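Numbering (numbering that gives the first Met the number 0), first residue to last: 0 to 282. Even for Gly, the Cβ is constructed at its ideal location relative to N, Cα and C. These numbers were taken from a predicted model, which means no experiment stands behind them. Let me begin by presenting the structure, written as structure tokens, before commenting on it.
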Amino acid sequence: MKNNFSELTTEQRNPASANIDKCTTFEMLKIMNDEDKKVALAVEKVLPEISKAVDIIAEKISNGGRLFYIGAGTSGRLGVLDASECPPTFGTNPELVQGIIAGGNAALISAVEGAEDSLSASEKDLAEKKFNASDILVGIAASGRTPYVLSGIEYAKKIGAKTIGVSCVENSELAKISDVAINPVTGPEVITGSTRLKAGTATKMVLNMLTTGAMIKIGKVYGNLMVDVCATNEKLRDRARRIVMTATGCTEDAAINALEKFGGRAKDAIKFLELENKIQDER
0 MKNNFSELTT EQRNPASANI DKCTTFEMLK IMNDEDKKVA LAVEKVLPEI
50 SKAVDIIAEK ISNGGRLFYI GAGTSGRLGV LDASECPPTF GTNPELVQGI
100 IAGGNAALIS AVEGAEDSLS ASEKDLAEKK FNASDILVGI AASGRTPYVL
150 SGIEYAKKIG AKTIGVSCVE NSELAKISDV AINPVTGPEV ITGSTRLKAG
200 TATKMVLNML TTGAMIKIGK VYGNLMVDVC ATNEKLRDRA RRIVMTATGC
250 TEDAAINALE KFGGRAKDAI KFLELENKIQ DER
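Below, the structure is given as structure tokens:
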């Protein structure tokens with residue numbers, strides 16, 4: 000397949016920023032901000048597709064499956080970032096949500112030339128993770144054409160796994176081969192072709208929704224409280240105390256004692272205090 004990248008909207012010149020190099024600092028930032036305002040609207044248009052994806056992810060996870068992100072460059076880094084935030088936020092096993100980036104961990108901090116063009120590396124990377132039909136794969140590529148991502152999705156489909164494609168252009172190759180296609184079309188970038196900007200922001204917003212939505216659906220949130228937060232530092236220990244107090248109406252001392260009793264696990268502390276309250280109410 001010939002990659003005519005010049006045809007992609009993300010590769011077009013943006014008339015709003017055509018003279019950005021001659022602007023004052025404030026004018027430059029105003030242009031960027033005005034363009035960023037369009038991102039949330041682009042994501043809003045694909046909420047139905049995001050909703051389908053969240054339901055699939057929640058169902059797969061509930062039945063023992065795992066969620067994998069796969070991407071290259073900025074897209075890969077965003078997938079790894081979102082995956083890495085799930086254990087501290089939702090108390091998940093690090094194996095549950097994983098990010099795979101073309102070129103491996105070295106690509107997280109520097110470019111690994113040519114990694115995204117490999118048609119075989121993604122299958123190898125997924126096989127090493129023992130990716131199987133009970134799992135789900137989210138392919139991320141702003142252009143929707145990254146060979147590493149496309150071949151990963153093809154491999155997932157071959158073994159019977161569900162697939163989701165996230166790209167920022169219309170009618171992408173990734174969209175055509177994915178079970179669910181999420182395409183927030185963000186248009187030309189402020190700096191031509193720099194998809195770490197609007198496309199990256201849109202991607203981050205979509206990934207936020209995928210994992211947060213799925214975690215809410217599988218019971219990792221009580222009201223809007225992250226009751227499975229892992230209290231691994233003072234800030235998070237304070238947050239856990241406040242979560243327990245808000246959920247149960249208990250005193251700070253009672254929250255501290257309950258958290259100590261259950262190793263800092265807010266959800267267990269809440270259940271314990273709610274049971275205590277119920278017993279007292281019945282007396």
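Of the residues the options, the one placed nearest residue i, counting alpha carbons only
i, options, result
"proline 183", "Ser171, Ile176, Ser193", "Ser171"
"leucine 66", "Leu7, Ala106, Lys129", "Lys129"
"valine 168", "Asp178, Ala160, Ile139, Ile158", "Ile139"
"valine 205", "Thr91, Ile163, Arg240", "Ile163"
"aspartate 54", "Glu122, Ala141, Asp237, Ala213", "Ala213"
"valine 111", "Leu149, Glu122, Arg76, Ala141", "Arg76"
"threonine 202", "Ala180, Glu122, Glu259", "Ala180"
"glycine 98", "Val137, Arg236, Thr24, Leu258", "Val137"
"glutamine 11", "Glu43, Glu281, Arg264, Ala198", "Ala198"
"leucine 235", "Leu258, Leu196, Glu153, Glu6", "Leu258"
"threonine 145", "Lys161, Ala160, Leu118, Ile158", "Leu118"
"valine 38", "Thr9, Asn62, Ser61", "Thr9"
"proline 87", "Lys123, Gly263, Asp280", "Gly263"
"glycine 159", "Asn131, Ala41, Gly63, Leu95", "Asn131"
"asparagine 62", "Phe261, Lys260, Ile135", "Ile135"
"alanine 265", "Lys123, Ile49, Asp237", "Asp237"
"arginine 195", "Ala41, Pro47, Ala57, Ala71", "Ala71"
"lysine 123", "Ser109, Gly113, Ala155", "Ala155"
"alanine 344", "Asp178, Lys219, Asp280", "In this structure the chain extends from 0 to 282, so residue 344 is not present and cannot be described."
"glutamate 127", "Ala41, Glu43, Leu107, Glu94", "Glu94"
"glycine 64", "Lys157, Ser121, Ile255, Thr91", "Thr91"
"serine 16", "Leu28, Glu281, Glu48", "Leu28"
"leucine 107", "Val79, Phe261, Asn256, Glu26", "Val79"
"tyrosine 221", "Phe89, Asp178, Ala52", "Phe89"
Those residues which DSSP pairs with residue i across a bridge
i, result
"glutamine 97", "Phe67"
"threonine 9", "BP columns for threonine 9 are empty, so no partner."
"leucine 224", "Tyr221"
Whole-number beta carbon distance between residue j and residue i, since they are thought to touch under 8 Å
i, j, result
"asparagine 13", "threonine 191", "7 Å"
"lysine 59", "serine 133", "7 Å"
"alanine 246", "alanine 239", "About 11 Å; that fails the 8 Å criterion."
"glutamate 115", "tyrosine 147", "5 Å"
"serine 166", "glycine 151", "That belief does not hold up - the Cβ atoms of serine 166 and glycine 151 are roughly 14 Å apart, past 8 Å."
"isoleucine 269", "valine 243", "6 Å"
"serine 74", "alanine 141", "6 Å"
"leucine 149", "leucine 125", "Contact doesn't hold; Cβ gap of about 13 Å is too wide."
"threonine 200", "aspartate 35", "6 Å"
"lysine 161", "aspartate 178", "5 Å"
Continuous alpha helix (DSSP H) stretch holding residue i: start and end
i, result
"alanine 110", "Here alanine 110 belongs to no alpha helix (DSSP H), and DSSP marks it neither H nor E."
"valine 38", "24-43"
"isoleucine 176", "172-176"
"threonine 245", "233-247"
"alanine 254", "251-260"
"valine 53", "46-61"
"isoleucine 278", "265-281"
"lysine 128", "Premise fails: lysine 128 is in no alpha helix (DSSP H) and is neither H nor E."
"glutamate 153", "146-157"
"glycine 103", "Segment: none, glycine 103 is in no alpha helix (DSSP H) and carries neither H nor E."
"alanine 15", "Looking at the DSSP string, alanine 15 is not in any alpha helix (DSSP H), and its letter there is neither H nor E."
"alanine 230", "Here alanine 230 belongs to no alpha helix (DSSP H), and DSSP marks it neither H nor E."
"proline 185", "What sits at residue 185 in the sequence shown is threonine, not proline. Taken as a continuous stretch (DSSP letters only), threonine 185 belongs to no alpha helix (DSSP H), as it is neither H nor E."
"asparagine 207", "197-216"
Residue interval of the beta strand (DSSP E) (run including residue i)
i, result
"leucine 136", "135-139"
"glycine 78", "Where glycine 78 is concerned, there is no enclosing beta strand (DSSP E), although the alpha helix (DSSP H) it sits in stretches over 72-89."
"lysine 161", "161-165"
"valine 179", "179-181"
Worksheet entry | Touching by the beta-carbon criterion (3+ pairs, under 8 Å), the region 92-105 and the region 248-267 | no
Worksheet item: Would the region 174-188 and the region 19-29 be scored as touching if the rule is three or more Cβ pairs under 8 Å?
Response: no
Worksheet item: Between the region 194-210 and the region 223-230, do three or more beta carbon pairs fall short of 8 Å?
Response: no
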